[in-house]
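Before any comments, here is the structure.
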Ligand SMILES: C[S@@+](CC[C@H](N)C(=O)[O-])C[C@H]1O[C@@H](n2cnc3c(N)ncnc32)[C@H](O)[C@@H]1O
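In this note's numbering, the protein residues as written are 9 to 275.
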């Protein structure tokens with residue numbers, strides 16, 4: 009790294025570390041309440057999502073911009089469902105436990121609940137959102153957590169934790185992970201300290217939470233990040249289906265043996 013860039017990163021890291029400490033010291037927030045917004049007539053794409061994933065009332069109670077973010081998530085999930093591994097999982101009717109990593113304010117929880125409970129067959133789901141930086145405050149003085157708790161209150165199958173993925177130990181049938189940090193720059197821009205930059209460790213932990221037959225749905229920001237993501241998956245020995253754009257579906261077969269286990273068994 010050039011000295012100027014290194015100096016700049018060190019400065020941003022210092023500032024982010026201080027902000028991080030401050031916001032985790034002052035976590036109280038007023039409660040949040042979303043104002044429903046009038047929407048025009050649903051177009052063909054919206055009608056498809058509303059009917060398939062039972063989102064009529066969700067659309068009515070949301071702001072326009074939150075509705076659009078839910079549609080974007082549904083598009084990603086439908087791309088992912090072209091993966092044979094996810095298709096197989098979704099053809100089962102048993103209950104599914106789903107984890108979303110780095111959920112921010114979880115404003116897309118309706119899309120996750122709608123998709124996983126209705127795609128290909130109908131089933132019960134439990135949706136869990138995890139966010140390490142949940143006490144980040146918006147200009148309305150409410151925190152991400154306050155907004156997430158409000159959004160989750162409309163989705164009985166969902167819950168949200170202000171928590172670090174590395175401290176989470178429950179296991180899941182499917183894990184969604186939208187835009188993980190794979191280089192330092194986006195993490196610094198997002199306002200986090202560099203101590204939280206540990207892509208390989210986080211991926212290995214996420215993988216350890218996946219049940220046999222489960223899938224990890226990853227979405228990356230850029231082609232360069234997608235390349236890095238695939239390298240990390242390969243290092244972990246995690247198989248993945250052909251990518252759909254920047255959506256990758258890694259899967260754990262029942263007979264899956266992680267590379268570490270294989271090393272141990274072979275001596
Ligand atoms: C680029 S943002 C993506 C936000 C959201 N998933 C979306 O699609 O808009 C990545 C998120 O991961 C969170 N994150 C980073 N490390 C984490 C960890 N160890 N545990 C839980 N969340 C983490 C960050 O705080 C950030 O909110």
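Glycine included, each C-beta is placed from N, C-alpha and C at the ideal position. Source: prediction; values computed, not measured.
Neighbour-count burial assignment, residue i, 16 or more Cβ in a 10 Å radius
i, result
"residue 43", "exposed"
"residue 237", "buried"
"residue 222", "buried"
"residue 56", "exposed"
"residue 38", "exposed"
"residue 265", "At residue 265 the pLDDT is 41, less than 50, meaning the model places this residue with poor confidence; the figure from the coordinates comes in the next sentence. The residue in question, residue 265, is exposed, as its Cβ has fewer than 16 Cβ neighbours within 10 Å."
"residue 260", "buried"
"residue 92", "exposed"
"residue 34", "exposed"
"residue 268", "Unreliable positioning characterises residue 268 in this predicted model, as indicated by a pLDDT of 42, which lies under 50. A coordinate reading is not provided."
"residue 105", "buried"
"residue 84", "buried"
"residue 161", "exposed"
"residue 154", "buried"
Close beta carbons around residue i, own chain, < 8 angstroms, minus the five adjacent residues each side
i, result
"residue 70", "42, 44, 45, 78 and 118"
"residue 130", "101"
"residue 284", "No answer is possible for residue 284: it lies beyond the span of the chain, which begins at 9 and ends at 275."
"residue 149", "37 and 38"
"residue 58", "50, 64 and 67"
Residues of its chain near residue i, where Cβ-Cβ distance is below 7 angstroms and the 5 sequence neighbours each way are ignored
i, result
"residue 240", "207, 208 and 211"
"residue 112", "139 and 152"
"residue 90", "252"
"residue 27", "199"
"residue 7", "Summary: the structure shown does not reach residue 7, with the chain confined to residues 9 through 275, and so no result is reported for it."
"residue 24", "196, 199, 200 and 201"
"residue 30", "none"
"residue 127", "89 and 98"
"residue 14", "none"
Close beta carbons around residue i, own chain, < 6 angstroms, minus the five adjacent residues each side
i, result
"residue 179", "217 and 219"
"residue 88", "94, 225, 255 and 257"
"residue 156", "113, 114 and 168"
"residue 228", "234, 237 and 254"
"residue 145", "151"
"residue 181", "104, 105, 219 and 222"
"residue 19", "none"
Among the options, the one whose alpha carbon lies nearest that of residue i
i, options, result
"residue 170", "185, 109 and 161", "109"
"residue 232", "176, 189 and 52", "189"
"residue 16", "192, 204 and 177", "192"
"residue 177", "107, 246 and 141", "107"
Whole-Å CB distance - residue i paired with residue j, under 8 angstroms assumed
i, j, result
"residue 123", "residue 97", "About 12 angstroms separates the two Cβ atoms, so there is no contact after all."
"residue 21", "residue 202", "5 angstroms"
"residue 47", "residue 67", "6 angstroms"
"residue 158", "residue 40", "4 angstroms"
- Within the stretch 142-186, note down every full alpha helix (DSSP H) run reaching 4 residues or more, in order along the chain. Given a length threshold of 4 residues, each whole run of the alpha helix (DSSP H) inside the stretch 142-186 is given here in chain order: 152-160.
- Message: Please give me, in chain order, every unbroken run of the beta strand (DSSP E) with length at least 3 that falls completely inside the stretch 217-270.
- Response: Fully enclosed beta strand (DSSP E) runs of 3 or longer: 218-227 and 255-259.
- Task: Output the residue ranges of the alpha helix (DSSP H) runs that lie fully inside the stretch 40-117 and measure 4 residues or longer, sorted by chain position.
- Result: Entirely contained in the stretch 40-117, the alpha helix (DSSP H) runs reaching 4 residues are, in chain order, 52-61, 64-69, 72-88 and 92-98.
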